[in-house]
Every structure is written in C-alpha cells, then in structure tokens.
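Since the structure comes first, as structure tokens, the remarks are kept for the end.
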Amino acid sequence: MRAMVLRRPGEALQLNHLSVPKLQPEQLLLKVSACGVCRTDLHVVDGELANPKLPLIPGHEIVGTVEAAGARVTRFKLGDRVGVPWLGHTCGHCYYCRSRRENLCDYPAFTGYTLDGGYAEYAVADPHYCFFLPEHYSNLHVAPLLCAGLIGYRALVMAGDAETLGLYGFGAAAHIIAQVAVSQGRRVFAFTRPGDVEAQGLARQLGAVWAGDSTDAAPEALAAAIIFAPVGSLVPVALRTVRKGGVVICAGIHMSDIPGFPYAILWGERKIHSVANLTRRDGEAFLCIADKIPIQTKVRAYPLTEANQALSDLRDGTLQGAAVLECGRECDNEIKKAPDGPGLREG
Ligand SMILES: [Zn+2]
Ligand SMILES: [Zn+2]
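Read in order, the letters of the sequence shown correspond to residues 58 to 404 in the numbering used here.
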C-alpha cells in the first residue's frame, strides 16, 4: 500500500510502499477513503509533540470501510463505514479511566502519533474506539468532524451556557463549531489572523454576528472564548475579551508560551481551561448532533501523495476550512501477497 511516512520529526513525509498492516484478532482493517489533516499532525511532524512512534504514518481523522475484521471483533461488519479519531486506546483501569475521564488516561495510545494513522491506503484500528458516521456526509466532508469537530465540540461544552462566544483562529475546528454554536442559539464572534478577510467572510456566512482581527476589541464583553490558534499571546487577549465569570478555553494540544499578564484581567472569577483529547462519549454526542444539523464542512481535497503540500498550506494559513487527503485506491493484490509481520515495513 502507499503511505506517507514520518521518518524523523522536522523532515518531510516520505511516500513509501509498505505491506498492508497485519490484522490482530481484536482489530479492524480499514480501507481508507479519506483522512483529515489536523493541526496536531503538523505539531507531530514538526517535532513539537514528544516521543511519536517512528517511523509513523500520521493522520487521526480517518474515514474508511471495513475490509477485514479480527476473530474477536463483534462491533462492526465488513463494508461498514467507520471513523477513527485521535483516541486510539485507553487502559481502562487508571484513576482517570475509572472516573469517566478516559481523555486523561495515564496509559493512552493516540492514532497517528503513538499508533499508525490514516495517511495511507489501509489502516488498522481498535473497533471500541471507532465511530459509525452520519450517512448524509460524504467521505471528504465527514473527515474533519473526527477531530476538528469532535475536540472542538468538547471545547464548546466547556463554554457551558455562554450565550456569547468568541472563537480565536477560524480554521477547521472553528468553522464547524461556529455552526453548532449558532444552532444552539449562541451569538458567535470570530477573531482571525489580522487582515484575513476571507476567513472573516466565511465566519459571517456561517452565522457569526461579528468577525474581525484577533487584535480588534470585541464589540461587547463575551461570556466565553475558545482559542483554536496555537498562539499563547492570544490568552491574555481573550481574557480581556471575556466578562466577569467568563472562561477562556485553549483547545489545541500545543501552544506557544503564554506571556505574563496582569492579575486584573483574570480577576473577577475568569477562568482559563485547557482541553485534552476526547472521550468516546464526546464522539457519540457530537456525531449525534452532526446527524441532526447539517454541518457544512469546507474542505480542500489533496491526493494522498500531496500530504506535505496540505501540511504546508495549513502551516502557512492559506487554507479555508479543512484539508483532507483522498486515500482510496484499489490495491487488493497487495493484501493477498502481504507477508506476516509488523505494519510499517517497506515492501
Ligand atoms: Zn487509563
Ligand atoms: Zn486533531
């Protein structure tokens, strides 16, 4: 199968021809149709997240169909369309798993980080962490829901009943979450990179009542703000935007350092909250909402082999919405001739 492989953080992905991963009894083998490109992939590829599996196939917004199922699998059947998110495995017995916070598990595994992901024609996954996907979305358009949507939704839940919501960074996650927030009756304020009139136009089109530069003051004090951009200097900016009792939610896995700020802007019971990973319940809840409200995901499709270009466009901020790799391609002969052994081997 063709796969885009990270050999060393900081280097470009390499197109490799690998054997199809060997299926374990408790796994699904998926033929990958599409895989979203998330900002977290960029942090992994750029070496900003410690200790990735190497070599690694990145990608944790996988849409695929079940090609084969291990002997112990009962949850999905051949041909089912399945979504694979970032959370790939949890231990089930640590303090966090036992207290229904598996997103904080002490012994987790993450798709496209500590497990191989979906920048490939085939992938294996643990069915207990996979999702059924709402039928009316195409493969390309459902892919960004699997992380940008899902972890964005976890961040939105942390905003509680905030009726006014600021979104800092209007990319893949914000353009999805803005639509969910609007459908819940919230008023959305979109803050983009200074001068990004295209993103501001998209925000208004998706229902934001106001869109402007991240350096602009909001027209009113907001109840909550979510920061999707990995920019620590936005934390004090957002704190100045929220009213007393308001919350600033940092939704990314990585952020540049947060500069010092006066206590006065935190005073008044304002809070700063980070969002880590997802639970399976978050996924079920969000995909149920996505089934009811038709979320328009704006995607730019790239062939699998153009993964480096997709990452580079994301890094440069030249994308509107989400980048998605189209991975589907027949290579059944390779499955038949694949030898036993670990997945990531050049064949
Ligand atoms: Zn655990
Ligand atoms: Zn992600």
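Each residue gets a CB set at the ideal place from its N, CA and C atoms; glycine is no exception.
As the structure is a prediction and not an experimental result, all values here were calculated from the model.
(message) Considering only heavy atoms of ligand 2 and the C-beta of each residue, which residues fall inside 5 Å, strictly closer?
(response) This criterion selects 95, 97 and 204.
(message) Taking contact to mean 3 or more Cβ pairs, one atom from each stretch, closer than 8 Å, check whether the region 108 to 126 and the region 139 to 149 are in contact.
(response) Short answer: they touch.
(request) Since I believe residue 271 is in contact with residue 289 (beta carbons under 8 Å), could you give me their beta-carbon distance rounded to a whole number of angstroms? (result) Between residue 289 and residue 271 a beta carbon distance of about 13 Å is seen, past the 8 Å cut, so the two are scored as non-contacting.
(request) State the CB to CB distance for the pair residue 202 and residue 227, rounded to an integer number of angstroms; the pair is presumed to be in contact (CB under 8 Å). (result) The Cβ separation is near 17 Å, so there is no contact.
(request) May I ask you to list the residues that DSSP assigns as paired with residue 330? (result) Note: residue 330 sits in a beta bridge opposite 306.
(request) Below 8 Å on the Cβ atoms is my guess for residue 212 versus residue 294; work out the distance and round it to an integer in Å. (result) Between residue 212 and residue 294 a beta carbon distance of about 17 Å is seen, past the 8 Å cut, so the two are scored as non-contacting.
(request) Report, in whole angstroms, the separation of the C-beta atoms of residue 112 and residue 190, which I expect to be a contact under 8 Å. (result) In this structure residue 112 does not touch residue 190 by the C-beta definition: roughly 29 Å separates them, more than the 8 Å allowed.
(message) Please give me, in chain order, every unbroken run of the alpha helix (DSSP H) with length at least 4 that falls completely inside the region 195 to 240.
(response) Runs found: 196 to 199, 205 to 215 and 229 to 240.
(message) Taking the alpha helix (DSSP H) that residue 364 belongs to, which residues open and close that run?
(response) 364 to 373 is the span of the alpha helix (DSSP H), which, as asked, contains residue 364.
(request) Compute the beta-carbon to beta-carbon distance between residue 106 and residue 170, rounded to the nearest angstrom, for a pair I have assumed lies under 8 Å. (result) Right, their Cβ atoms sit about 7 Å apart.
(request) With hydrogens ignored, establish whether the beta-carbon of residue 151 is closer than 6 Å to any heavy atom of ligand 1. (result) Shortest gap from the CB of residue 151 to any heavy atom of ligand 1: under 6 Å.
(request) Output the distance between the C-alpha atoms of residue 61 and residue 321, rounded to the nearest integer angstrom. (result) Here the C-alpha atom of residue 61 lies approximately 48 Å from the C-alpha atom of residue 321.
(message) Could you check if residue 384 belongs to the surroundings of ligand 1, using beta carbon to heavy atom distance under 6 Å?
(response) No - ligand 1 has no heavy atom lying nearer than 6 Å to the Cβ of residue 384.
(request) Count the other C-beta atoms from every protein chain shown that fall within 10 angstroms of the C-beta of residue 76, then say buried if there are 16 or more, exposed otherwise. (result) So residue 76 ends up on the buried side.
(message) When you measure from the CB of residue 147 to every non-hydrogen atom of ligand 1, does any distance come out below 6 Å?
(response) Correct: residue 147 has its Cβ closer than 6 Å to ligand 1.
(request) Please name the residue or residues paired with residue 270 in a DSSP beta bridge. (result) The partner list for residue 270 (beta bridge, DSSP) reads 249.
(message) Using only CA atoms, which one of 238, 224 and 136 lies nearest to residue 350?
(response) It is 238.
(message) So that I know if they touch, is there some Cβ in chain B lying closer than 7 Å to that of residue 144?
(response) Although the question refers to chain B, the structure presented lacks it and comprises just one protein chain.
(request) Return yes when the Cβ of residue 205 is within less than 7 Å of the Cβ of residue 230, no when it is not. (result) Going by C-beta atoms, residue 230 is nearer than 7 Å to residue 205.
(request) Drop a sphere of 10 angstroms on the beta-carbon of residue 128, count the other beta-carbons inside from all chains shown, and report buried for 16 or more, exposed for fewer. (result) Exposed, since its Cβ has fewer than 16 Cβ neighbours within 10 Å.
(message) Can you check which of these residues, 130, 379 and 100, is closest to residue 65 by C-alpha distance?
(response) Closest by C-alpha distance to residue 65, out of 130, 379 and 100, is 100.
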